[in-house]
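Keeping their order, the protein sequence lines are chains W and L.
1 is the number of the first residue of the first sequence in the UniProt record's numbering; add one for each residue after it.
1 is the number of the first residue of the second sequence in the UniProt record's numbering; add one for each residue after it.
The beta-carbon is built from N, C-alpha and C at its ideal position, and this holds for glycine as well.
None of these values were measured; they are calculated from a predicted model.
There are 2 protein chains.
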Amino acid sequence: MITTKDIAERLGLSVSTVGRALSDDSRISEETKFRVRQAASEMGYVGNRAARMMRGASSNVVALAIPDIRNSFYSTIAHELSKNMEAEGYQLMLSETDDDRMVELRHLRELSATRVAGVIIVPTARPHSDSVRLLRTMPHLQLLRRHPSLGSQWFGVDDREALRRATAHLLELGHTRIAYLGGPVELPTGADRLEGFRSALREGGLPDDAGRAELGPPSSVDHGRQAVRRLLEEPDAPTALVLGSIQLTLGVLEELSEQGVRVPGELSVVGFGDEPGFSWWGPGLTTIGLPIQEMATGCALWMMRRLKTEPSNDGPYTSVSPGSLVLRGSTAPPGGPVPSRPH
Amino acid sequence: MITTKDIAERLGLSVSTVGRALSDDSRISEETKFRVRQAASEMGYVGNRAARMMRGASSNVVALAIPDIRNSFYSTIAHELSKNMEAEGYQLMLSETDDDRMVELRHLRELSATRVAGVIIVPTARPHSDSVRLLRTMPHLQLLRRHPSLGSQWFGVDDREALRRATAHLLELGHTRIAYLGGPVELPTGADRLEGFRSALREGGLPDDAGRAELGPPSSVDHGRQAVRRLLEEPDAPTALVLGSIQLTLGVLEELSEQGVRVPGELSVVGFGDEPGFSWWGPGLTTIGLPIQEMATGCALWMMRRLKTEPSNDGPYTSVSPGSLVLRGSTAPPGGPVPSRPH
DNA sequence: TCCAGCAGTGCTAACGTTAGCACAACGGCA
DNA sequence: TGCCGTTGTGCTAACGTTAGCACTGCTGGA
Numbered sequence: 001m002i003t004t005k006d007i008a009e010r011l012g013l014s015v016s017t018v019g020r021a022l023s024d025d026s027r028i029s030e031e032t033k034f035r036v037r038q039a040a041s042e043m044g045y046v047g048n049r050a051a052r053m054m055r056g057a058s059s060n061v062v063a064l065a066i067p068d069i070r071n072s073f074y075s076t077i078a079h080e081l082s083k084n085m086e087a088e089g090y091q092l093m094l095s096e097t098d099d100d101r102m103v104e105l106r107h108l109r110e111l112s113a114t115r116v117a118g119v120i121i122v123p124t125a126r127p128h129s130d131s132v133r134l135l136r137t138m139p140h141l142q143l144l145r146r147h148p149s150l151g152s153q154w155f156g157v158d159d160r161e162a163l164r165r166a167t168a169h170l171l172e173l174g175h176t177r178i179a180y181l182g183g184p185v186e187l188p189t190g191a192d193r194l195e196g197f198r199s200a201l202r203e204g205g206l207p208d209d210a211g212r213a214e215l216g217p218p219s220s221v222d223h224g225r226q227a228v229r230r231l232l233e234e235p236d237a238p239t240a241l242v243l244g245s246i247q248l249t250l251g252v253l254e255e256l257s258e259q260g261v262r263v264p265g266e267l268s269v270v271g272f273g274d275e276p277g278f279s280w281w282g283p284g285l286t287t288i289g290l291p292i293q294e295m296a297t298g299c300a301l302w303m304m305r306r307l308k309t310e311p312s313n314d315g316p317y318t319s320v321s322p323g324s325l326v327l328r329g330s331t332a333p334p335g336g337p338v339p340s341r342p343h
Numbered sequence: 001m002i003t004t005k006d007i008a009e010r011l012g013l014s015v016s017t018v019g020r021a022l023s024d025d026s027r028i029s030e031e032t033k034f035r036v037r038q039a040a041s042e043m044g045y046v047g048n049r050a051a052r053m054m055r056g057a058s059s060n061v062v063a064l065a066i067p068d069i070r071n072s073f074y075s076t077i078a079h080e081l082s083k084n085m086e087a088e089g090y091q092l093m094l095s096e097t098d099d100d101r102m103v104e105l106r107h108l109r110e111l112s113a114t115r116v117a118g119v120i121i122v123p124t125a126r127p128h129s130d131s132v133r134l135l136r137t138m139p140h141l142q143l144l145r146r147h148p149s150l151g152s153q154w155f156g157v158d159d160r161e162a163l164r165r166a167t168a169h170l171l172e173l174g175h176t177r178i179a180y181l182g183g184p185v186e187l188p189t190g191a192d193r194l195e196g197f198r199s200a201l202r203e204g205g206l207p208d209d210a211g212r213a214e215l216g217p218p219s220s221v222d223h224g225r226q227a228v229r230r231l232l233e234e235p236d237a238p239t240a241l242v243l244g245s246i247q248l249t250l251g252v253l254e255e256l257s258e259q260g261v262r263v264p265g266e267l268s269v270v271g272f273g274d275e276p277g278f279s280w281w282g283p284g285l286t287t288i289g290l291p292i293q294e295m296a297t298g299c300a301l302w303m304m305r306r307l308k309t310e311p312s313n314d315g316p317y318t319s320v321s322p323g324s325l326v327l328r329g330s331t332a333p334p335g336g337p338v339p340s341r342p343h
């Protein structure tokens with residue numbers, strides 16, 4: 001690797017002069033600057049960031065710690081972050097935790113050793129105490145999920161309200177046997193979504209046991225398939241289903257397609273998220289649309305500002321809207337399809 | 001940040017001893033090692049990788065440079081890479097090029113400055129000469145697309161064969177007016193896929209102008225919608241359509257759904273890739289399934305081996321199978337649906 | 001008794017870059 | 001002529017870590 005020393009030797013200058021010429025220091029003559037830049041370019045010089053960091057410069061890397069990049073939820077976030085940060089000269093480190101606290105810890109250890117400038121994290125259900133300790137030593141921002149012992153900086157969706165609205169929509173259509181299928185309550189988002197579902201039922205004046213809630217092990221496509229299969233086999237099967245995760249939604253849709261369940265005739269369905277295929281699934285999936293892009297952009301901008309200015313302006317919690325319910329054909333009054341189909 | 005010096009001062013030792021204790025040097029007494037480790041843990045010491053790198057250690061970061069992480073093609077690759085590398089203690093840097101050679105160049109400059117251990121890249125159509133120069137200074141591996149002036153290490157799909165098979169399938173069903181909708185020929189993959197389409201037509205004994213090929217600007221969902229709309233409005237509209245990109249496929253499916261085109265009655269369709277929604281689209285989408293996961297794993301293993309051993313064992317090109325055609329309901333003889341539906 | 005060998009530790013330099021200070025050469029002004 | 005400020009450059013130290021070498025006691029054999 002070419003260093004400033006190599007350039008200095010070739011031009012008969014000192015490393016200081018070369019360094020200053022490359023950083024466009026006003027004390028260096030234009031002629032010298034030109035010669036240095038010329039030589040640097042010819043020799044393919046690329047500054048060593050590790051050495052700069054040792055002189056106190058901070059790294060230009062921000063890490064994104066998420067469960068699984070294949071989840072389009074997270075890939076959208078990664079994309080928005082990357083785009084916004086590239087413009088500012090920052091790089092994105094990707095850490096997949098697989099929702100495993102030990103993997104999360106191993107990643108955070110590495111990130112800490114690399115002295116990343118900041119971390120944007122979707123924490124696991126119960127992060128290891130060392131993870132918490134490590135995170136506290138670096139600028140960090142929680143995304144979607146919020147763990148109490150971490151910093152108060154958080155960006156996310158109003159999960160409770162989102163599920164309340166989705167459930168309320170089904171109640172308005174006249175459903176009284178509604179099931180909810182969501183992720184584990186151990187996750188803050190899982191708990192919030194369940195609570196949104198329950199509060200809608202209460203507001204609708206339904207008895208506590210009217211709504212069935214099936215909460216999962218870590219959300220997965222397979223779990224969605226199995227859960228909906230069990231649900232439909234029960235004697236008093238629900239007439240409507242609300243979902244609380246993208247992965248579960250994907251599984252449920254596949255299973256319903258395969259089994260040929262009539263939607264919304266036999267079952268009304270409200271999905272979670274708005275993936276490419278949701279609009280063309282069966283009669284079109286009514287779903288909870290989330291403002292992922294806005295959230296990710298907000299996240300990126302917050303982090304960029306945080307890294308450029310002093311950490312004094314730490315505001316309180318930040319949250320974005322609960323998104324909006326995207327109405328398509330998969331929801332109707334119980335039993336019958338809608339009298340006059342919309343759209 | 002805590003350094004070895006801080007630990008040394010607290011214990012009344014020298015930095016050398018502390019450093020050696022932490023790296024489990026055999027010359028240090030067990031008692032000292034214990035005390036050092038204890039103190040390090042208490043004080044929250046995390047080694048500074050930048051300093052280690054200055055002493056010749058290589059970084060533990062491998063970069064993945066891809067057009068867009070939102071494309072599930074690439075997010076699957078990122079996931080597999082991340083998973084395989086985490087096990088070996090490597091981190092993944094994500095660089096989105098947006099298929100823009102200048103963005104690609106900016107990223108490569110940063111990666112070079114960070115002294116990443118290696119780069120796995122899906123190059124843009126015509127990388128900047130500086131990009132080529134930079135890549136040559138680091139261990140790199142081309143993915144999917146292959147640029148001639150870069151190293152010979154490549155992992156990818158047999159695009160030509162994949163499209164040849166897909167087209168042959170339509171020919172076997174009796175179609176004679178087949179359209180191909182793919183990405184720009186400037187991309188090696190675009191050219192290969194088009195060539196596969198054409199060669200199938202030739203083998204089928206069709207005249208050169210039998211197959212219409214519509215090649216796009218950078219593949220996008222919108223372009224897919226518009227292109228298929230134009231195609232169907234033409235006087236001598238094709239009876240079958242083969243697609244050459246995931247994004248285009250998504251756009252085409254949306255448009256066909258909206259317009260209510262009867263598939264496979266009016267039009268037979270073969271998609272590209274196998275996304276979650278493809279199986280439940282209309283009659284089920286016949287599509288070109290790609291062995292993305294295997295490819296990504298192979299890629300990760302190659303890079304890990306390359307970084308651990310001397311770069312002597314550089315084999316020649318590596319390629320994986322062209323995948324397999326997933327037969328579903330969207331293809332049938334021209335005009336009529338299949339007599340006896342499979343499955 | 002003397003020295004070799006060993007265990008355990010410290011000193012120092014080096015990695016590449018940058019910032020503070022020093023210094024040389026020069027022109028202008030009193 | 002002497003002094004000062006300016007311009008352009010060099011010297012040196014520092015960042016945190018590690019590896020080579022040196023040093024100090026101590027044990028054991030000749």
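Are any of the Cβ atoms in chain L nearer than 7 Å to that of W:Val46? yes
So what does L:Ala213 bridge to, in DSSP terms? L:Tyr180
Under a Cβ-count criterion, where at least 16 other Cβ atoms within 10 Å of its own Cβ denotes burial, should L:Glu30 be classed as buried or exposed? exposed
Considering Cα atoms alone, identify which of L:Arg10, L:Gly205, L:Gly190 and L:Arg136 is closest to L:Asp159. Check the Cα spacing between L:Asp159 and each of L:Arg10, L:Gly205, L:Gly190 and L:Arg136: the tightest is with L:Gly190.
Between residue 416 of chain W and chain L, is any beta-carbon pair separated by less than 7 Å? Only positions 1 to 343 of chain W appear in the structure, and residue 416 of chain W is not among them; the question remains open.
W:Pro322 to W:Leu253 span [Cα, whole Å]: 23 Å
Contact the region 254-264 of chain L vs the region 118-131 of chain L: 3+ CB pairs below 8 Å: No: the two stretches stay apart, fewer than three of their Cβ pairs being nearer than 8 Å.
Would you check if the distance between the CB atom of W:Ser330 and the CB atom of W:Pro264 is smaller than 7 Å? yes
CB contact check: W:Pro276 to chain L, cutoff 7 Å: Look at W:Pro276: its C-beta is under 7 Å from a C-beta on chain L.
Measure how close the beta-carbons of L:Ser75 and W:Ile69 come, nearest whole angstrom, since I'm counting them as under 8 Å. 5 Å
Strictly below 7 Å CB to CB, what residues from chain L border W:Met53? Ala50
Buried versus exposed call for L:Trp23 [16 or more other C-beta atoms within 10 Å across all chains shown]: Correcting the residue identity first, residue 23 of chain L is Ser in this sequence and not Trp. Exposed.
Could you give the distance in angstroms between the alpha-carbon of L:Ser149 and the alpha-carbon of L:Leu187? 14 Å
Can you tell which of L:Arg37, L:Arg106, L:Asp98 and L:Ala166 has its C-alpha closest to the C-alpha of L:Pro67? It is L:Asp98 whose Cα lies nearest to the Cα of L:Pro67.
Quick check on W:Pro342: does DSSP put it in helix, strand or coil? Low confidence applies here, because W:Pro342 scores a pLDDT of 49, under 50, leaving its location unreliable and the question unanswered by this model.
Could you pull the DSSP bridge partners for L:Leu141 from this structure? L:Ile120
DSSP beta-bridge partners for W:Leu325? W:Ile288
In whole angstroms, what is the alpha-carbon distance linking W:Glu214 and W:Gly204? Taking the CA atoms as reference points, W:Glu214 sits about 20 Å from W:Gly204.
Who are the near neighbours of W:Glu161 in its chain, counting only those whose CB is closer than 8 Å to its CB and skipping five residues on each side? Within the same chain, Gly196 and Pro322 come within 8 Å of W:Glu161 by CB-CB distance, once the 5 residues on both sides are set aside.
Along the alpha helix (DSSP H) that carries W:Val252, what are the first and last residues, could you check? Ile246 to Gln259
W:Pro184: which of W:Arg165, W:Pro217 and W:Thr318 sits nearest, CA to CA? W:Pro217
For a cutoff of 7 Å on Cβ pairs, would you count W:Gln247 as touching chain L? W:Gln247 does not count as touching chain L.
How is L:Met93 classed by DSSP in three states: helix, strand or coil? strand
Is any beta-carbon of chain W found at less than 7 Å from that of L:Pro322? Chain W places no beta carbon closer than 7 Å to that of L:Pro322, leaving this residue out of the contacts.
Since L:Ser268 is in the beta strand (DSSP E), which residue starts that stretch and which ends it? Ser268 to Phe272
Nearest CA to the CA of W:Arg145: which residue from W:Pro139, W:Glu294 and W:Phe155? W:Phe155
State yes or no: is the C-beta of L:Met303 within less than 7 Å of the C-beta of L:Val15? no
Sheet register partners of W:Pro278 (DSSP bridge): One point to set straight first is that residue 278 of chain W is Phe, not Pro, in the sequence displayed. In DSSP, W:Phe278 forms no bridge with anything.
Let me know the secondary structure DSSP gives W:Ala162 once reduced to three states. W:Ala162 falls in the helix class under three-state DSSP.
Is it the case that the region 104-112 of chain W contacts the region 38-56 of chain W, given that we only count it when at least three CB pairs across the two stretches are under 8 Å? no
Quick one: is the Cβ of W:Glu161 within less than 6 Å of any heavy atom of the ligand ZN? Of the ligands one can find in the structure shown there are none, so the ligand ZN has no counterpart to examine.
Buried/exposed call for L:Leu301, threshold 16 Cβ in 10 Å: The residue in question, L:Leu301, is exposed, as its Cβ has fewer than 16 Cβ neighbours within 10 Å.
Candidates L:Val116, L:Leu163, L:Ser152 and L:Thr287: closest to L:Gln91 by CA position: L:Val116
What does the alpha-carbon distance come out to for the pair W:Leu248 and W:Leu232? 15 Å
Go ahead and pull the three-state DSSP assignment for L:Val242. strand
Can you find a C-beta in chain W that's less than 7 Å from the C-beta of L:Pro9? Reading off the sequence shown, one finds Glu at residue 9 of chain L, where the question assumed Pro. No, because no Cβ of chain W sits closer than 7 Å to the Cβ of L:Glu9.
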